[in-house]
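Student:
In my numbering, the protein residues as written are 3 to 53.
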């Protein structure tokens, strides 16, 4: 393993929060919570992008 910082990019096909969802049907909160927990456990940071 390297001590250098990593940059992990890609479409994880999941949401960190309901506010990220577009459309009428809400995304299940338990899925958002689980993904957010995994991101936190891995000490990752969300870089907010628009477009």
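Backbone N, C-alpha and C define an ideal beta-carbon position, used for all residues, glycine too.
For clarity, every value in this text was computed on a predicted model and none was experimentally measured.
CB residue 6 to CB residue 37, shorter than 9 Å?
Tutor: Their beta carbons are not under 9 Å apart, which means residue 6 does not touch residue 37 by this criterion.
Student: Counting C-beta neighbours from all protein chains within 10 Å, is the total for residue 42 16 or more, i.e. buried, or is it exposed?
Tutor: Looking at its Cβ environment, which holds fewer than 16 other Cβ atoms inside 10 Å, residue 42 is exposed.
Student: Over the uninterrupted alpha helix (DSSP H) stretch that includes residue 32, give me the two end residues.
Tutor: From DSSP, the alpha helix (DSSP H) with residue 32 extends over 31-43.
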